[in-house]
Amino acid sequence: MPRIGGLNSGDTGLADENEEAIQAFSSASCQWFNILSTGDKDGCICFSIFGIFPVGKININKVPIHVQSSGKRTSYRLQDVSISKVSLSRNLHQLVLLCSGKLINTDNLSLSYDISVGVHCLHLDTSIFSNRKNELHQVSQQASSIQDLVEVVRASISMMSKQWSNAMNLFHEKFSALPSLLTAHGMESSSEDEFMSLLFGTHTSPALHQFLVSSLGEAGLKRIAKTIESAGRELRIVVSEHLQPAVEIISFRLAELRGLARWRSRFQNIGLDEKLMDGVTERVGMLVVQVERFSRVAATVLYLFQNFFSWVLKCVKILLSEPTDQVPSTNSELVVIFLKFLLDKDPIKQLLETDQIFEWDM
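Heads up: the sequence shown runs through residues 16 to 377, numbered per the working numbering.
Below you can see the structure in the form of structure tokens.
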């Protein structure tokens with residue numbers, strides 16, 4: 016799984032003596048600044064900084080072409096464009112492209128029929144890339160960092176979903192034997208009803224007795240409890256070491272981009288829109304809250320599972336006439352809550368659904 020970069024033991028972070036090195040690295044990165052330009056058969060040209068981060072897209076079918084001849088200006092447009100070759104100058108000022116398509120005279124459409132489909136060479140002014148090189152580099156660095164962190168978030172959620180799903184599959188597999196036994200004994204009560212009756216000392220049905228003593232047993236119960244506990248421990252580790260730090264750093268990076276977006280004279284014309292950043296920042300803020308909520312819900316659910324398993328273990332030992340002094344004490348009210356809300360439900364799984372916890376993108 017992708018990891019979060021951080022400080023090692025003994026590191027002092029961004030100390031004063033490192034500032035010159037950081038500035039030198041930043042300057043060197045700008046000197047090696049490059050943009051990959053690619054064209055496709057639909058007439059679109061895409062620009063990507065370092066060949067990774069997209070910063071622009073042009074649809075040649077929508078670009079007006081103005082030709083000055085004999086003091087007269089004529090406007091054209093290309094139709095059904097397919098791009099064969101693109102070349103961005105080393106100084107980033109000009110893009111030359113070779114494409115096929117039909118040239119349309121937009122000033123006099125009747126003349127367009129006299130111009131056949133052919134190959135065209137166009138020169139586009141891309142000086143904005145050079146004029147705003149530093150700004151583009153700054154934004155792309157932040158955005159690339161955010162994209163890496165997004166992958167950390169996705170990988171974290173995927174890993175937690177798999178681990179928790181495996182644990183819950185074992186739980187449901189073992190406890191699904193009780194409804195089958197109830198049906199076999201001709202009983203119409205539910206698993207919740209049977210456990211409630213056992214909790215409040217009403218009676219222990221033959222089906223429940225068989226389930227606790229034979230189908231489940233002490234060894235089976237301890238295995239399930241250990242599996243749930245292990246999965247819960249892994250969830251806490253992934254959240255604390257990967258998911259939560261990644262989300263918080265994303266929020267910090269977006270706040271920096273939001274600040275840059277307010278410098279309209281330098282960043283607005285390269286597409287860094289303040290309103291767009293406001294919307295994304297708000298969504299990430301909601302994600303931070305959702306992660307914190309998940310941590311609280313997971314901790315509560317795991318505690319309820321632990322309490323329920325201890326109570327069931329005590330019941331098994333009583334039915335087997337074994338001593339219960341080594342069994343941890345339990346809370347009957349929490350057992351009721353577990354039976355009502357967790358026996359047949361899975362709030363952790365619901366929160367781990369990708370479309371619930373992580374539904375925004377850059």
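Built from N, CA and C at the ideal position, the CB exists for glycine as well.
Beta carbon proximity, residue 355 to chain B, threshold 8 Å: The chain inventory of the structure shown lacks chain B, comprising one protein chain alone.
DSSP three-state assignment for residue 232, whether helix, strand or coil: Within the sequence shown, the letter at position 217 stands for residue 232. It is helical.
Distance between residue 327 and residue 220 (C-alpha atoms, nearest Å): In the sequence shown, residue 220 corresponds to position 205, counting from 1. In the sequence shown, residue 327 corresponds to position 312, counting from 1. Cα to Cα, residue 220 sits roughly 15 Å from residue 327.
Residues near residue 255 in its chain [Cβ-Cβ closer than 6 Å; skip 5 each side]: Stepping through the sequence shown from its first residue, residue 255 is reached at position 240. If we look at residue 255 and ignore the five residues flanking it on each side, it has no Cβ neighbours.
Beta-carbon proximity of residue 60 to residue 53, cut-off 8 Å: The residue given as residue 60 occupies position 45 in the sequence shown. The residue given as residue 53 occupies position 38 in the sequence shown. Yes, they are a contact pair.
Inter-stretch contact (C-beta, 8 Å, three-pair minimum) for the region 79-96 and the region 153-172: no
Proximity of residue 275 and residue 287 at Cβ, strictly below 8 Å: Position 260 of the sequence shown holds residue 275. Position 272 of the sequence shown holds residue 287. Taking 8 Å as the Cβ cut-off, residue 275 and residue 287 qualify as a contacting pair.
Cα-Cα separation between residue 238 and residue 186, rounded to whole angstroms: The residue given as residue 238 occupies position 223 in the sequence shown. The residue given as residue 186 occupies position 171 in the sequence shown. Residue 238 and residue 186: Cα-Cα distance of roughly 10 Å.
Stretch-stretch touch, CB-based, cutoff 8 Å, three pairs: the region 224-244 with the region 316-323: yes
Inter-residue spacing [alpha-carbon to alpha-carbon] between residue 114 and residue 49: Here the question's residue 114 lines up with position 99 in the sequence shown. Here the question's residue 49 lines up with position 34 in the sequence shown. Near 23 Å, if we compare the C-alpha coordinates of residue 49 and residue 114.
DSSP-derived helix/strand/coil call for residue 147: Start at 1 with the first residue of the sequence shown, and residue 147 comes out as number 132. Reduced to three states, the DSSP call for residue 147 is coil.
Whole-Å CB distance - residue 96 paired with residue 58, under 8 Å assumed: Position 81 of the sequence shown, counted from the start, is the residue given in the question as residue 96. Position 43 of the sequence shown, counted from the start, is the residue given in the question as residue 58. About 3 Å separates the two Cβ atoms, so the contact holds.
Identity of the residue in 118, 202, 368 nearest residue 91 by Cα: Your numbering for residue 91 matches position 76 in the sequence shown. Ranking the options by Cα distance to residue 91, first place goes to 118.
Extent of the continuous beta strand (DSSP E) to which residue 92 belongs: The sequence position of residue 92 within the sequence shown is 77, counting from 1. Its beta strand (DSSP E) spans residues 87-103.
DSSP-derived helix/strand/coil call for residue 78: Looking up residue 78 in the sequence shown gives position 63. Correct three-state label for residue 78: coil.
Residues that DSSP places opposite residue 108 in a beta bridge: If you number the sequence shown from 1, residue 108 lands on position 93. Its beta-bridge partners do not exist; DSSP assigns none.
Contacting residues, own chain, Cβ-Cβ under 7 Å from residue 79 (five flanking each side not counted): Locating residue 79 in the sequence shown gives position 64, counting from the first residue. Answer for residue 79: 90, 92, listed in chain order.
Per DSSP, the bridge partner or partners of residue 53: Within the sequence shown, numbered from 1, the residue matching residue 53 stands at position 38. For residue 53, which the question treats as bridged, DSSP gives the partners 61.
Residue 312 and residue 257 closer than 8 Å at C-beta: If you number the sequence shown from 1, residue 312 lands on position 297. If you number the sequence shown from 1, residue 257 lands on position 242. No, the pair does not count as a contact, with Cβ atoms beyond the cut-off.
Residue 51 beta carbon less than 8 Å from that of residue 71: Within the sequence shown, residue 71 is the residue found at index 56, counting from 1. Within the sequence shown, residue 51 is the residue found at index 36, counting from 1. No. Outside cutoff.
Spatial neighbours of residue 88 in its chain, beta-carbon cut-off 8 Å, leaving aside the 5 residues before and after: As a first step, residue 88 is located in the sequence shown; it is residue number 73 there, counting from the start. Around residue 88: 81, 82.
Cβ-based neighbour list, residue 140, same chain, cut-off 7 Å, excluding 5 preceding and 5 following: One-based indexing of the sequence shown puts residue 140 at position 125. So the list reads 109, once near-sequence residues are dropped.
For residue 209, the nearest candidate out of 290, 331, 223 (CA to CA): Position 194 of the sequence shown holds residue 209. Selected option, being the one with the closest Cα: 223.
Buried/exposed call for residue 341, threshold 16 Cβ in 10 Å: Looking up residue 341 in the sequence shown gives position 326. With fewer than 16 Cβ atoms within 10 Å of its Cβ, residue 341 is classed as exposed.
Euclidean distance between Cα positions of residue 352 and residue 316: Indexing the sequence shown from 1 puts residue 352 at position 337. Indexing the sequence shown from 1 puts residue 316 at position 301. Spanning the two alpha carbons is a distance of roughly 10 Å.
Supposed close pair residue 94, residue 76 - CB separation, criterion 8 Å: The sequence position of residue 94 within the sequence shown is 79, counting from 1. The sequence position of residue 76 within the sequence shown is 61, counting from 1. Between residue 76 and residue 94 the Cβ distance is about 6 Å, and since that is below 8 Å, they are a contact.
Touch test, the region 292-300 against the region 189-207, Cβ-Cβ under 8 Å, three pairs minimum: no
Element boundaries [alpha helix (DSSP H), containing residue 224]: For this step, residue 224 is matched to residue 209 along the sequence shown. Taken as a continuous stretch (DSSP letters only), the alpha helix (DSSP H) holding residue 224 covers 221-225.
Proximity below 8 Å, CB of residue 309 to CB of residue 357: Looking up residue 309 in the sequence shown gives position 294. Looking up residue 357 in the sequence shown gives position 342. Taking 8 Å as the Cβ cut-off, residue 309 and residue 357 do not qualify as a contacting pair.
Residues near residue 346 in its chain [Cβ-Cβ closer than 8 Å; skip 5 each side]: What you label residue 346 is simply residue 331 of the sequence shown in a count that begins at 1. Excluding positions up to five away in sequence, the list reads 322.
Under 8 Å between C-beta atoms of residue 174 and residue 364: Within the sequence shown, numbered from 1, the residue matching residue 174 stands at position 159. Within the sequence shown, numbered from 1, the residue matching residue 364 stands at position 349. Against a cut-off of 8 Å, the Cβ pair of residue 364 and residue 174 comes out as no contact.
Where residue 68 sits in the DSSP three-state scheme: Position 53 of the sequence shown, counting from 1, holds the residue named residue 68. Note: residue 68 maps to strand in three-state DSSP.
DSSP state of residue 437 mapped onto helix, strand, coil: Lying outside 16 to 377, the shown extent of the chain, residue 437 is not represented and no answer is given.
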